[in-house]
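Since the structure comes first, as structure tokens, the remarks are kept for the end.
Numbering (this note's numbering), first residue to last: 398 to 593.
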């Protein structure tokens with residue numbers, strides 16, 4: 398017991414607190430208030446991804462399609478095949494688009510709403526992210542539309558060339574959500590721009 402008390406006293410002194418500070422309530426820490434992003438009626442209610450978030454959404458979709466293909470390719474590689482059959486990559490794309498998407502949401506970064514989640518750079522660590530609601534359905538719907546527009550074979554071919562080629566096909570091509578000259582949609586984060 399004395400050894401435990403001595404260790405506790407030594408640790409509190411090392412932390413800059415005397416034994417007298419340990420009695421009573423802990424010292425007050427400054428309160429921080431971080432407001433949630435204020436969503437417009439379109440952002441809250443529309444079944445479609447708002448134009449201003451489509452570029453981020455496209456990058457999220459390219460990331461998810463890429464990691465789903467990668468995990469399937471690793472399994473196939475162990476079995477000795479280097480490429481997937483058409484039925485396999487169609488199944489992978491269907492799983493990619495039909496997943497839950499619950500880990501994505503909207504946060505405000507420098508006064509601008511941005512989609513955040515896996516594969517997207519979180520630029521604001523101290524912010525509130527609005528998740529769930531319409532975002533998973535919008536991402537799934539957008540993913541399925543890309544598969545329909547581009548075709549499974551073209552998406553799989555781009556994936557085989559690497560993540561940058563997949564993002565280029567889906568997001569930055571002539572019809573892509575991030576295509577230059579297209580109204581709305583912020584440019585991808587700088588780190589992604591450098592990777593392209």
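The beta-carbon is built from N, C-alpha and C at its ideal position, and this holds for glycine as well.
- Buried or exposed (CB count within 10 angstroms, at least 16 for buried), residue 461: By one-based count along the chain shown, residue 461 stands at place 64. Under this definition residue 461 is a buried residue.
- Quick one, are the C-beta atoms of residue 481 and residue 549 less than 8 Å apart? As a position in the chain shown, residue 481 is number 84, starting the count at 1. As a position in the chain shown, residue 549 is number 152, starting the count at 1. Cβ distance not < 8 Å, so residue 481 and residue 549 don't count as in contact.
- On the premise that residue 574 lies in contact with residue 454, defined as a C-beta separation below 8 Å, what is that separation, rounded to the nearest angstrom? The count along the chain shown starts at 1 and reaches residue 454 at position 57. The count along the chain shown starts at 1 and reaches residue 574 at position 177. So it is a contact: roughly 7 Å between Cβ atoms.
- Message: I need the straight-line Cα distance from residue 509 to residue 553, nearest angstrom please.
- Response: Position 112 of the chain shown, counting from 1, holds the residue named residue 509. Position 156 of the chain shown, counting from 1, holds the residue named residue 553. Each residue's alpha carbon lies about 33 Å from the other.
- Alpha-carbon to alpha-carbon, residue 484 and residue 450: Indexing the chain shown from 1 puts residue 450 at position 53. Indexing the chain shown from 1 puts residue 484 at position 87. Rounded to the nearest angstrom, the two C-alpha atoms are 32 Å apart.
- Query: Should residue 534 go down as buried or exposed, given a rule of 16 or more other Cβ atoms within 10 Å for buried?
  - Reply: Taking the chain shown and counting its residues from 1, the one referred to as residue 534 is at position 137. Label assigned to residue 534: exposed.
- Whole angstroms is fine: what's the gap from residue 570's alpha carbon to residue 545's? For this step, residue 570 is matched to residue 173 along the chain shown. For this step, residue 545 is matched to residue 148 along the chain shown. Taking the straight line from one Cα to the other gives about 15 Å.
- Message: Residues in the same chain with beta-carbon distance under 6 Å from residue 526, minus the five sequence neighbours each way, listed in chain order, please.
- Response: Residue numbering aside, residue 526 sits at position 129 when the chain shown is read from its first letter. Cβ within range, chain order: 502, 504 and 513.
- Contact check, residue 551 vs residue 566, beta carbons under 8 Å: One-based indexing of the chain shown puts residue 551 at position 154. One-based indexing of the chain shown puts residue 566 at position 169. Yes, the pair counts as a contact, with Cβ atoms nearer than the cut-off.
- Query: Whole-angstrom Cβ separation of residue 568 and residue 459, contact assumed at under 8 Å?
  - Reply: Residue numbering aside, residue 568 sits at position 171 when the chain shown is read from its first letter. Residue numbering aside, residue 459 sits at position 62 when the chain shown is read from its first letter. With 8 Å as the limit, residue 568 and residue 459 qualify as a contact, their Cβ atoms being about 6 Å apart.
- Message: Based on DSSP bridge pairs, tell me the residues matched to residue 503.
- Response: Here the question's residue 503 lines up with position 106 in the chain shown. Under DSSP, residue 503 forms a beta bridge with 512 and 527.
- What are the boundary residues of the alpha helix (DSSP H) that residue 433 is part of? Taking the first residue of the chain shown as 1, we reach residue 433 at position 36. For residue 433, no alpha helix (DSSP H) segment is defined, and its DSSP state is neither H nor E.
- Task: Return the chain-ordered list of same chain residues with a C-beta closer than 6 Å to the C-beta of residue 543, the five sequence neighbours on each side being excluded.
- Result: Reading the chain shown from its first residue, position 146 is the one you call residue 543. Taken in chain order, the residues that qualify are 567.
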